[in-house]
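Novice:
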Amino acid sequence: MLVLGVETSCDETSAGVVKDGREILSNVILSQEIHEKYGGVVPELASRIHITELVDIVNMALDRAAFKLDDLDGMAVTYGPGLVGCLLVGLSFVKSVHQSIGIPYYGVNHLEGHIFSNLLEHSELKTPHITLVASGGHSNLYFVEEWGKYRLLGSTRDDAPGEAFDKISKLLGLGYPGGPAIEKQSVDGKRDFIDFPRAMKDRDNYDFSFSGLKTAVAIYLKDKSPEFIKKYLADIAASFQEAVCEILVIKTLNAAAAFNVSQLSVTGGVARNQRLRTLFKERKPDNLEIFIPSPELCSDNGAMVAACGSFHLNKGEKSDLSLNAIPYLEL
Ligand code: KG4
Ligand code: ZN
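Counting from 1 along the sequence shown, just add 28 to a position and that's the residue number in this note's numbering.
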């Protein structure tokens with residue numbers, strides 16, 4: 029089964045072609061750089077770039093896979109959650125192709141797309157397992173009973189971890205996107221320089237909170253001179269990064285233990301973070317396998333959408349022209 033996946037929920041314009049739900053034939057990702065100069069994603073600009081670039085990105089994905097539109101068995105497109113104007117571009121494009129040449133399509137929940145990204149590289153990942161989606165908009169912990177069946181165990185009560193990285197990066201003058209900027213700055217920093225709070229550490233609660241950490245960093249910086257901040261920038265960044273990563277690891281490993289699973293997967297843009305990846309490996313018990321996709325597959329991409337869509341299309345599930353974009357879609 030040959031499926032084209034289209035992803036335009038935020039600031040990545042992406043399309044990928046996946047065979048039989050597992051094999052990536054192409055995955056073209058355009059990360060829109062224009063937002064860097066505004067310190068965050070400007071929704072109007074993001075949707076306009078999706079409009080001008082999407083057709084070329086899809087053509088590149090088909091060319092690299094060495095297939096034509098007519099060869100496809102199906103298409104998949106993110107219809108939520110995300111920025112509504114951005115979602116509408118991908119969805120309208122896929123609906124138009126569906127209407128004009130009749131290729132069936134399936135509307136994918138972006139969060140489920142992230143969960144499927146692991147399957148593209150780790151066919152050993154089975155159900156049941158625990159999965160963490162840590163991104164710019166979410167930190168959702170799920171018990172995956174079986175593929176397609178998820179129980180939400182916890183989520184953030186305020187900011188998402190990626191959002192915290194982006195905000196603190198701005199505060200430290202490191203730019204957008206904050207995750208990679210803070211990670212780079214942290215490389216030679218002392219992770220225990222400041223003991224920033226790890227919120228809601230209690231064992232039986234799987235919710236997260238990152239807004240207190242953001243305030244703690246702001247309060248810490250308030251009475252520090254520019255010279256001090258410059259001198260200790262790496263240490264401050266590393267201490268903040270450690271606080272975010274440690275709480276994500278603690279809570280996810282607690283969930284894996286409580287649900288007695290032998291496998292765990294982690295996805296979403298924040299899962300690109302090397303310190304997070306290392307901490308998971310350092311802290312995990314011997315009998316727990318951890319799967320994290322390569323960095324490119326952690327961020328938003330068309331191949332993960334295609335993988336998820338393939339699963340549903342294969343079960344005979346299809347979307348029709350009445351499907352609308354849902355910015356706050358839940359999973
Ligand atoms: O999954 P994603 O590409 O888009 C959403 O669905 O939100 O995640 C984007 C988020 C951004 O907030 C970005 O700062 C964060 O992922 N991110 C990182 C890293 N790379 C991207 N956070 C921490 N460390 C990184 N290396
Ligand atoms: Zn995402």
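Just so it is clear, CB atoms sit at the ideal spot from N, CA and C, and this is done for glycine as well.
Note that the structure is a prediction, hence the values are computed from the model and not measured.
Rounded to a whole number of angstroms, what is the C-alpha to C-alpha distance between residue 346 and residue 78?
Specialist: Reading the sequence shown from its first residue, position 318 is the one you call residue 346. Reading the sequence shown from its first residue, position 50 is the one you call residue 78. The straight-line gap from Cα to Cα measures roughly 24 Å.
Novice: What does a CB cutoff of less than 6 Å around residue 300 pick up in its chain, not counting 5 residues either side in sequence?
Specialist: Along the sequence shown, one-based indexing puts residue 300 at 272. Same-chain partners within the cutoff: 323, 326.
Novice: Cα separation between residue 116 and residue 354?
Specialist: If you number the sequence shown from 1, residue 116 lands on position 88. If you number the sequence shown from 1, residue 354 lands on position 326. Distance between the alpha carbons of residue 116 and residue 354: 9 Å.
Novice: How do the segment 266–276 and the segment 127–147 stand: do at least 3 beta-carbon pairs fall below 8 Å, yes or no?
Specialist: no
Novice: Between residue 341 and the rest of its own chain, which residues show a CB-CB distance below 6 Å, the 5 nearest in sequence each way excluded?
Specialist: By 1-based counting over the sequence shown, the position of residue 341 is 313. If we look at residue 341 and ignore the five residues flanking it on each side, its Cβ neighbours are 102, 134.
Novice: Suppose only complete runs of 4+ residues qualify. What are the alpha helix (DSSP H) ranges in the segment 203–281, listed by chain order?
Specialist: Qualifying alpha helix (DSSP H) stretches, in chain order: 206–214, 239–250, 254–259.
Novice: Starting from residue 157, trace the beta strand (DSSP E) in both directions and tell me its first and last residue.
Specialist: To locate residue 157, count along the sequence shown from 1; it is residue 129. Residues 157–162.
Novice: Check whether the segment 152–172 touches the segment 183–191, counting contact only when three or more Cβ pairs, one atom from each stretch, lie closer than 8 Å.
Specialist: yes
Novice: Considering only heavy atoms of the ligand ZN, list every residue whose Cβ is less than 5 Å from one of them, following chain order.
Specialist: 163, 328
Novice: Going along the chain, which residues of its own chain have a beta-carbon closer than 6 Å to the beta-carbon of residue 237, five neighbours each way excluded?
Specialist: Within the sequence shown, residue 237 is the residue found at index 209, counting from 1. The residues are 185, 186, 227, 228.
Novice: Taking 8 Å as the cut-off, decide whether the C-beta atoms of residue 104 and residue 56 are in contact.
Specialist: Walking along the sequence shown from the start, residue 104 turns up at place 76. Walking along the sequence shown from the start, residue 56 turns up at place 28. No, they are not a contact pair.
Novice: Spatial neighbours of residue 150 within its chain, please: CB distance less than 8 Å, with the 5 preceding and 5 following residues excluded, ordered by chain position.
Specialist: For the purposes of this step, residue 150 is taken as the residue at position 122 of the sequence shown. So the qualifying residues of the chain are 293, 319, 321.
Novice: Whose C-beta lies closer than 7 Å to the C-beta of residue 80 among residues of the same chain, with five residues either side of it excluded?
Specialist: Here residue 80 refers to the residue found at position 52 of the sequence shown. If we look at residue 80 and ignore the five residues flanking it on each side, it has no Cβ neighbours.
Novice: Beta-carbon separation of residue 148 and residue 332 under 8 Å?
Specialist: Here residue 148 is taken as the residue at index 120 of the sequence shown, counted from 1. Here residue 332 is taken as the residue at index 304 of the sequence shown, counted from 1. A contact, by the Cβ cut-off of 8 Å.
Novice: Give every residue of the same chain whose Cβ lies closer than 6 Å to the Cβ of residue 36, excluding the five residues on either side of it in the sequence, and list them in chain order.
Specialist: What you label residue 36 is simply residue 8 of the sequence shown in a count that begins at 1. The answer, listed in chain order, is 78, 114, 117, 118.
Novice: Once DSSP output is grouped into helix, strand and coil, what is the label at residue 291?
Specialist: The residue labelled residue 291 in the question sits at position 263 within the sequence shown. In this structure, residue 291 counts as strand in the three-state DSSP scheme.
Novice: CB residue 267 to CB residue 224, shorter than 8 Å?
Specialist: The sequence position of residue 267 within the sequence shown is 239, counting from 1. The sequence position of residue 224 within the sequence shown is 196, counting from 1. Yes, the pair counts as a contact, with Cβ atoms nearer than the cut-off.
Novice: Taking 6 Å as the limit between beta carbons, can you name the residues of its chain near residue 159, skipping five residues before and five after?
Specialist: Position 131 of the sequence shown, counting from 1, holds the residue named residue 159. Here the set comprises 143, 170, 172, 293.
Novice: Against chain D, with Cβ distances strictly below 8 Å, would residue 236 count as a contact?
Specialist: Chain labels in this structure do not include chain D; a single protein chain is all it has.
Novice: When burial is assigned at 16 or more other CB atoms within 10 Å of the CB, is residue 60 buried or exposed?
Specialist: Sequence index remark: in the sequence shown, residue 60 carries index 32 (1-based). Result: buried.
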